[in-house]
Structures are given as C-alpha cells and as structure tokens.
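Undergrad: FYI, the numbering for the sequence shown is 414 to 498, going by my numbering.
Cβ atoms here follow ideal geometry from the backbone N, Cα and C, with glycine treated the same way.
This one's a predicted model, so the numbers in the text were calculated from it and none came from an experiment.
Mind having a look at this structure? Questions to follow.
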Amino acid sequence: LEPYQQTYTYDTGSNLTNLSHQANSGNWQQTLTIHPSNNRGKENNNQNNFDANGNLLHLDNIANLEWYYNNTLNKLTKADKPNIT
C-alpha cells in the first residue's frame with residue numbers, strides 16, 4: 414500500500430470522462446467515452462469495457478471489476494504487472 418492521488422474529470426452531464434491515478438509506483442489514466450444520446454459508457458477501441466448498465470468492467474491496471482445488481486462495486490481484481498527487464 415502507498416499514498417496516491419486520483420483526479421476525476423466530468424462532462425457537462427456529470428458523466429465521468431477521465432480518471433487519472435498518480436503514485437510512486439506508477440501513474441495511469443483511463444478515458445471514458447459516453448454515448449452521445451444517453452448517459453451510458455460506450456466501447457472504446459473495440460474493447461467491451463462496460464456492462465449492459467454502463468458499469469466499467471476493466472481499467473489498465475485492474476483486470477476485472479464486478480458489480481452488484483444495484484450498480485455498486487462488489488469486487489475488483491488487480492491485473493498482473495508484466496515482468497520488465
């Protein structure tokens with residue numbers, strides 16, 4: 414565990430559009446695309462990043478996000494870091 418800072422950006426409809434994470438062990442950023450005719454997230458780069466309710470399923474350093482029926486976060490699984498030589 415280590416201290417970190419997260420910054421969030423929202424569009425004019427109060428939809429999360431960007432999540433930025435800064436920590437000593439590394440930084441990452443996730444950009445979310447919102448469908449123009451509703452408030453649901455849409456697929457980015459041909460990846461299925463959202464469930465049918467618009468809940469985010471993956472982040473760069475998180476392999477899996479699981480949600481309860483009422484769209485509250487139940488569990489997250491961290492992604493394995495690749496070996497860097």
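1) Could you tell me the boundaries of the beta strand (DSSP E) in which residue 487 lies?
2) Helix, strand or coil, according to DSSP, for residue 481 in the structure here?
3) Where do the N-terminal and C-terminal ends of the beta strand (DSSP E) with residue 452 fall, by residue?
4) Just tell me which of 491, 467, 423 has its CA closest to the CA of residue 502.
5) Within the same chain, show all residues whose beta-carbon is closer than 7 Å to that of residue 487, passing over the 5 residues directly before and after it, in chain order.
TA: Result, derived from the coordinates:
1) Following the DSSP letters along the chain, one finds residue 487 inside the beta strand (DSSP E) bounded by residues 486-491.
2) Residue state, collapsed to three classes: coil.
3) Careful: residue 452 lies outside any beta strand (DSSP E) and carries neither H nor E.
4) In the structure displayed, the chain extends from 414 to 498; residue 502 sits before or after that span and is not available.
5) Result list for residue 487: 479, 480, 481, in chain order.
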